[in-house]
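Step one of this worksheet: look at the structure below.
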Amino acid sequence: MDGTVKEKIMDYLAGKLTCKEVTEAVTEYLEGTFTFWERVRFQMHLGMCVGCRNYLRQIKQTIRTLGKLPTEPIPPDVREELLRRFRNWKKG
Amino acid sequence: MAEERVTSSDDLEQLEALRNGDERAFASLVDRYYGSLLRLAMAYVPSRAVAEEVVQETWVGVLEGLSRFEGRSSLKTWIFRILTNRAKTRGQRERRYEPMGLGGDSGDNLDGPAVDPDRFLKSGYFVDHWVSQPNAWEDETPERLLLSKETRAQIEKAIEALPPTQRQVITLRDIEEVSSQEVCNILDITETNQRVLLHRARSKVRRTLEPYMEGQTGRT
Ligand SMILES: [Zn+2]
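Sequences listed follow chains V and E, in order.
Counted from 1, the first sequence has number 545 at position 1 by the numbering used here; the numbering is strictly sequential.
Counted from 1, the second sequence has number 50 at position 43 by the numbering used here; the numbering is strictly sequential.
Here you go:
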């Protein structure tokens, strides 16, 4: 296949999307709100751009890490107080 | 599309036990959600003391509402909604929370770009392409990363620094892993608004982590 035609097609599909646009569109991409062709364009850019691939991975790693953030356990006295309220509630 | 997620069978079982006055069911509920509720409350009110009060009030609200809960959402969504309603009222009184919409958004929707503009080329054929590319972060699992007290503190600090509505959305979506539909339901916002807030919040947390994560790579 003629290299220049191929390049033109690649340019058409991916060239219009800048790295800046990728960083602003990344949430919509992950949320699945893109149309089929928007997704193709986005993935084409990723395919050619290591910076944006890294960026997407960083965002995913951020999300995964947030999901594992530990929460504080309930202090024993607060727990006791809540259970007391539950018993009172039960009595009506 | 259903408007709300239907209560799961686990939820229904737990609900039945609670209504029958099973203390163990209530204890397990309290153990499971206390920390999450506290975290969410902190996104609305200015102090930890007030947040703790809001959480207490929430549990009272849960007990009051148990007999009326119709099971049209998950138990978790229902409890979180009770919390956000109370936290909003308290936050308004404490002048921290401002209702979203005209002028009241504290600029949550209007703030800067996801990435520092200086990291992109300003002109030429490759305008707006990376001038300083993001590097690959070390492929640590979240569990291992979070073993470090410093990393945890960095993340918590980044979340605390967010405007309230961004903080509420990222807390529910990414920390509590509540679905986008349920978050819209809990916070009374549109899908689009939620996406914008989530995007801003995630971008900022990533930015905070970046120098630290690259330092990690350099240190090994
Ligand atoms: Zn790129």
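No residue lacks a Cβ here, since even glycine has one placed at the ideal position from N, Cα and C.
Here E:W137 carries a strand assignment [DSSP, helix/strand/coil]. Looking at V:G636, V:R631, V:E575, the one whose alpha-carbon comes closest to that of V:L600 is V:E575.
Residues of the segment 69-81 of chain E that bring their beta carbon within less than 9 angstroms of a beta carbon in chain V comprise L70, E71, L73, in sequence order. The three-state secondary structure of E:F127, taken from DSSP, is strand. In this model, E:I182 and V:M588 are separated by some 31 angstroms (Cα to Cα). Placement of the Cβ of V:T571 at a distance of 8 angstroms or more from every heavy atom of ligand 1 is found. For E:R151, the enclosing alpha helix (DSSP H) stretches over residues 149-152. Within chain E, no residue has its beta carbon less than 9 angstroms from that of V:T579; the closest one is some 15 angstroms off. Put simply, the backbone Cα of E:A50 is about 43 angstroms away from that of E:Y132.
For E:C191, same chain residues with a beta-carbon under 7 angstroms away, outside a window of 5 residues either side, are T197, E198, Q201 in chain order. DSSP, read as helix, strand or coil, puts E:W144 in coil. Sequence-ordered contacts of the segment 34-53 of chain E with chain V read A34, V37, D38, Y41, G42, S43, L45, R46 [C-beta pairs closer than 7 angstroms]. In this structure, V:G595 has its beta carbon less than 8 angstroms from a heavy atom of ligand 1. When DSSP states are grouped into helix, strand and coil, V:C593 belongs to the coil group. Scanning its chain for C-beta atoms nearer than 8 angstroms, with the 5 sequence neighbours on each side dropped, one finds around E:R159 the residues L153, in chain order. In summary, E:A94 is buried, with 16 or more beta-carbon neighbours lying within 10 Å of its beta-carbon over all protein chains present. Scanning its chain for C-beta atoms nearer than 6 angstroms, with the 5 sequence neighbours on each side dropped, one finds around E:G78 the residues T14, in chain order. Taking 8 angstroms as the cut-off, one finds at least one heavy atom of ligand 1 near enough to the beta carbon of E:H136.
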